[in-house]
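One structure is given below, encoded as structure tokens.
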């Protein structure tokens with residue numbers, strides 16, 4: 021594994037957001053949801069696509085806190101312009117489990 025410096029790590033803006041909307045992304049090649057996140061007053065709302073359909077239903081995602089990378093360039097995914105990357109971990113079967121704070125924290129809080 022390659023080591024990185026603290027400055028390298030600090031380049032990645034990992035922020036807490038709350039899922040406001042979640043719906044099936046019917047146009048996606050792989051099963052996914054379209055998400056709308058509230059990342060707090062500094063960053064506002066951003067859209068994302070997430071391949072998390074094996075562990076979650078859209079209605080249970082509403083209101084959940086997640087960790088997202090907010091300083092990647094925007095990426096066109098089919099008809100959706102993704103504005104951030106919601107983070108997660110692959111489980112033993114390859115399905116994605118969300119990376120989430122285990123306590124309530126202010127929206128937009130940066131992971132350090």
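Numbering (this note's numbering), first residue to last: 21 to 132. Just so it is clear, CB atoms sit at the ideal spot from N, CA and C, and this is done for glycine as well.
Rounded to whole angstroms, the separation of the alpha carbons of residue 129 and residue 64 is 12 angstroms.
When DSSP states are grouped into helix, strand and coil, residue 58 belongs to the strand group. Inclusion of residue 52 and residue 77 in the CB contact set at 9 angstroms is not warranted, their separation being larger than that value.
Rounded to whole angstroms, the separation of the alpha carbons of residue 34 and residue 90 is 6 angstroms. Residue 27 and residue 37 have their C-alpha atoms spaced approximately 23 angstroms apart. Within the same chain, Cβ atoms closer than 7 angstroms to the Cβ of residue 95 are found at 102, the five residues on either side in sequence being excluded. Looking at the DSSP output, residue 117 sits in a beta bridge with 109. As the crow flies, the alpha-carbon of residue 23 is around 31 angstroms from that of residue 124.
In terms of CA proximity to residue 108, 86 leads the group 86, 21 and 98.
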